Amino acid sequence: MTKSLYWELSKFYYLYYAFVGLFTPYWGLYLTSLKFSPIQIGLLLALFQFGRVVSPNIWGWLADRTNKRSQWVRLIAMMGSIFFVYSFFANSFYEILFIMMSMSIFTSSTIPLIESLTLAHLSSGKGNFDYSKIRVWGSVGFICAALFMGFGIDFFGIKALLFVLLSVQILIYFQSLRVPEHVSDIKNEARRPILNAVSY
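Note that the numbering used here has the sequence shown beginning at 2, numbered continuously upward.
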């Protein structure tokens, strides 16, 4: 792995977990601002997680069949951005349900695919990098987003969350364009010990 590739992957992790750092603590607050009941909010968040159980298997299967993981990451990042735009106009429970299920189907598969791609690049054995040095930027992104969004909401109001979430999702798409594909023999790669990719 080259130094430039290390930074491209690190930036992707930073942006993805920045999105998580915005969505996880503040989305429920946004739903409350729409006057949804606690039961409705709980149902929306539960169904959102249900999509995370199913969709990664589908996208992962497609990525393995085509051996083009980065292209699928770009597609789902783009689709996630498109569907999220609708949140600016949605107010009813069923509209928000549609948005959250659509986002779950697409965005929940982003990290499994990029993890697979990252480990594939690391398994080449080139460069003095390991997984932890890349993944730590995801934690930094989460912390920064969760911290500063709180100040942003206090200053601009809860509606600012939508603009920031959409902006980050779009940045995720553009960053995915900078992550190169790793073409490999899937059959041989499946037998490769994970210790070749992860160092301690």
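Glycine included, every Cβ here is placed at the ideal spot set by N, Cα and C.
Nothing here was measured: the structure is a model prediction, and the numbers come from that model.
Exercise. If M79 and Y174 are in contact, beta carbons under 8 Å, what's the gap, nearest whole angstrom?
Worked result: 5 Å
For this session: Measure the C-alpha to C-alpha separation of P181 and P39 and round it to an integer number of angstroms.
Result: 43 Å
Problem set entry | Rounded straight-line distance, which links the Cα of V21 to that of S88 | 17 Å
Exercise. Between which two residues does the alpha helix (DSSP H) harbouring D155 extend?
Worked result: 132-157
Exercise. Mind checking whether Y27 and M150 have CB atoms under 8 Å apart?
Worked result: yes
Exercise. DSSP state of P57, grouped into three classes?
Worked result: helix
For this session: May I have the straight-line CA-CA distance separating M2 from R70, to the nearest angstrom?
Result: 17 Å
Problem set entry | Cβ contact (3+ pairs, closer than 8 Å) linking the stretch 137-144 and the stretch 91-109 | no
Exercise. Buried or exposed: which applies to T67, given that a residue is buried once 16 or more other Cβ atoms fall within 10 Å of its Cβ?
Worked result: exposed
Exercise. How many angstroms separate the CA atom of A161 from the CA atom of S124?
Worked result: 41 Å
Problem set entry | Terminal residues of the alpha helix (DSSP H) in which T33 lies | 4-34
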